[in-house]
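Plus 8 on top of the position in the sequence shown (first one is 1) and you've got the working numbering. Where is the CB? At the ideal position from N, CA and C, for every residue including glycine. What follows is one structure encoded as structure tokens, with my remarks underneath.
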Amino acid sequence: MKGRIEADHVQIGTGVTLGTGSSVHAQQVLLGDNVVIGEGVEIVCDRLELKADCQVGAGSFILCPEVVAEQGCFFGRGFKAELNQSLRLGRFCVLGPDTSLAGQSVQLEEFVFLDEGVAVGGGGSKGPRANLFIGGRTSLFARTFVNLSEPVTIGRNVGISFNVALLTHNAWQPVLRGYKAQFAPVTIQDNATIYFNVVVLPGVTIGEWSTIGAGSVVVKDVPAHCLAVGNPAQVVRGPLGYPRPLQPDEQDALVHSILADYLTSLALKGVNVVEDGLAADGTALLEFGGRRVTLSCLRRGASVRAGNAPADITLAIGPVPPESQGRCHFDLLAETVSGPSMPLAEDLRDFLRRRGIRIFSDRPFQSLPLLNLQRLQQRRASGRPEGGQTH
Numbered sequence: 009m010k011g012r013i014e015a016d017h018v019q020i021g022t023g024v025t026l027g028t029g030s031s032v033h034a035q036q037v038l039l040g041d042n043v044v045i046g047e048g049v050e051i052v053c054d055r056l057e058l059k060a061d062c063q064v065g066a067g068s069f070i071l072c073p074e075v076v077a078e079q080g081c082f083f084g085r086g087f088k089a090e091l092n093q094s095l096r097l098g099r100f101c102v103l104g105p106d107t108s109l110a111g112q113s114v115q116l117e118e119f120v121f122l123d124e125g126v127a128v129g130g131g132g133s134k135g136p137r138a139n140l141f142i143g144g145r146t147s148l149f150a151r152t153f154v155n156l157s158e159p160v161t162i163g164r165n166v167g168i169s170f171n172v173a174l175l176t177h178n179a180w181q182p183v184l185r186g187y188k189a190q191f192a193p194v195t196i197q198d199n200a201t202i203y204f205n206v207v208v209l210p211g212v213t214i215g216e217w218s219t220i221g222a223g224s225v226v227v228k229d230v231p232a233h234c235l236a237v238g239n240p241a242q243v244v245r246g247p248l249g250y251p252r253p254l255q256p257d258e259q260d261a262l263v264h265s266i267l268a269d270y271l272t273s274l275a276l277k278g279v280n281v282v283e284d285g286l287a288a289d290g291t292a293l294l295e296f297g298g299r300r301v302t303l304s305c306l307r308r309g310a311s312v313r314a315g316n317a318p319a320d321i322t323l324a325i326g327p328v329p330p331e332s333q334g335r336c337h338f339d340l341l342a343e344t345v346s347g348p349s350m351p352l353a354e355d356l357r358d359f360l361r362r363r364g365i366r367i368f369s370d371r372p373f374q375s376l377p378l379l380n381l382q383r384l385q386q387r388r389a390s391g392r393p394e395g396g397q398t399h
């Protein structure tokens with residue numbers, strides 16, 4: 009290791025990397041197997057625990073009494089945290105480049121994603137109630153701002169788009185002249201979605217499964233199962249009838265169109281679709297890595313005929329008999345995947361995520377690389393053109 013660790017108690021697993029110019033100052037340091045701390049990182053804490061496969065990007069700075077990250081967490085380049093109490097991350101959390109956290113405490117459950125430039129803190133973040141909790145499988149996209157003058161609670165499976173601001177206080181003009189000041193928490197409940205350029209004002213609760221349209225200013229609570237839009241935001245649909253439930257044939261048609269679109273993405277990744285697109289019965293034959301892979305979307309309750317083997321990768325809208333399931337099987341309604349991991353199945357899982365079917369497993373999402381970008385990255389790493397000479 010090229011960096012240094014200064015601590016009263018140190019426990020380091022195998023394959024740990026500490027980059028040049030990096031330093032850890034703590035009382036207790038626990039680093040799991042294959043932890044990577046990049047160049048120029050500075051961590052100052054009482055207790056640091058990074059479990060297996062965690063990575064801390066170059067130039068990151070963490071000042072916090074207790075830092076605990078479960079397996080596979082990723083801190084992007086230039087990450088910054090100044091927290092007075094604790095930072096606790098569930099499995100496979102991603103904190104993007106130049107993300108910053110300030111306040112008392114931040115707790116993220118598993119698979120939380122904070123995109124590049126997300127900022128948590130701002131005015132009042134040194135106060136006693138500056139606490140952030142984010143439930144599992146939630147994503148905050150680039151340039152989201154979360155003010156922590158008061159507590160902010162964000163539930164599970166929440167999506168918060170680019171340039172959203174969650175505000176817990178507003179105060180500037182003199183209150184003794186009659187101007188208003190407000191300090192109050194913000195709560196976003198499970199499965200809600202907030203689109204681009206929304207501002208949520210102090211004291212607001214957005215109910216579960218609700219949607220806030222782009223550009224809205226939310227000044228009061230939005231009930232569960234509603235669509236709200238505008239400035240100020242008004243409920244325009246729900247709670248009854250939002251969203252409209254899909255009939256089985258509509259679900260079937262939607263999944264068929266998603267898979268057909270998926271097949272059009274594969275040539276760029278070096279996967280050959282042997283026949284022209286998706287067959288009417290929902291099957292496709294693919295060639296990848298020197299072998300053939302069959303993909304099949306099973307009809308509801310379908311079973312494999314005697315003497316026929318199931319496809320390598322199967323998908324179904326609801327349960328199907330075990331003998332019909334492929335080596336890797338997706339239940340799209342239950343949002344589960346079973347069977348061994350394979351690159352094509354992981355690529356499909358990531359594609360489904362981008363189409364609104366989010367299936368989590370014990371692995372991070374991973375697409376197949378685009379061939380041209382992969383080739384150029386290899387050239388960059390080698391420092392010379394393919395088959396060429398250095399002059």
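- Rounded to the nearest whole angstrom, the C-alpha separation of residue 198 and residue 120 is 13 Å.
- Under DSSP, residue 177 takes part in a beta bridge, and its partners are 191.
- Nearest Cα to residue 61 within the set 44, 74, 245: 44.
- A distance below 8 Å between beta-carbons, with the five flanking residues on each side excluded, links residue 287 to no residue of its chain.
- For residue 340, there is no enclosing alpha helix (DSSP H), as DSSP gives it neither H nor E.
- Annotated as proximal: residue 37 and residue 13, with beta-carbon spacing under 8 Å.
- Taking all protein chains in view, the Cβ of residue 353 is crowded by 16 or more other Cβ atoms within 10 Å, so the residue is classified as buried.
- For residue 259, the enclosing alpha helix (DSSP H) covers residues 256 to 272.
- At the C-beta level, residue 247 and residue 231 come within 8 Å of one another.
- If you ignore the 5 residues before and after residue 200, its C-beta comes within less than 6 Å of the C-beta of 166, 214, 218, all in its own chain and listed in chain order.
- When only Cα atoms are considered, residue 209 and residue 123 end up about 22 Å apart.
- Fewer than three pairs of CB atoms, one per stretch, sit closer than 8 Å, so the region 146 to 165 makes no contact with the region 182 to 189.
- Going by beta carbons, residue 302 and residue 275 fall outside the 8 Å limit.
- Between residue 151 and residue 125, the C-beta spacing is below 8 Å.
- Distance between residue 71 and residue 90, taken at the CA atoms: about 5 Å.
- Taking C-beta atoms as the reference points, residue 113 and residue 93 count as a pair closer than 8 Å.
- In this structure, DSSP gives residue 185 a helical state, which the three-state scheme calls helix.
- Contact between residue 99 and residue 78 holds, since their C-beta atoms are separated by about 4 Å, short of 8 Å.
- Distance from residue 349 to residue 335 at the Cβ level is roughly 10 Å; contact not present, criterion being Cβ atoms closer than 8 Å.
- Residue 226 places its beta carbon less than 8 Å from that of residue 241.
- According to the DSSP assignment, residue 390 belongs to the alpha helix (DSSP H) that extends over 379 to 390.
- Restricting attention to 52, 224, 171, the CA atom closest to the CA of residue 244 is found in 224.
- With fewer than 16 other beta carbons inside 10 angstroms of its own, residue 28 counts as exposed.
- No Cβ-Cβ contact shorter than 8 Å links residue 58 with residue 86.
- Contact check for residue 365 against residue 340 passes: the beta carbons are separated by less than 8 Å.
- Residue pairing for residue 139: DSSP places it in a beta bridge opposite 113.
- Of the other Cβ atoms in all chains shown, 16 or more fall within 10 Å of the Cβ of residue 144; this residue is therefore buried.
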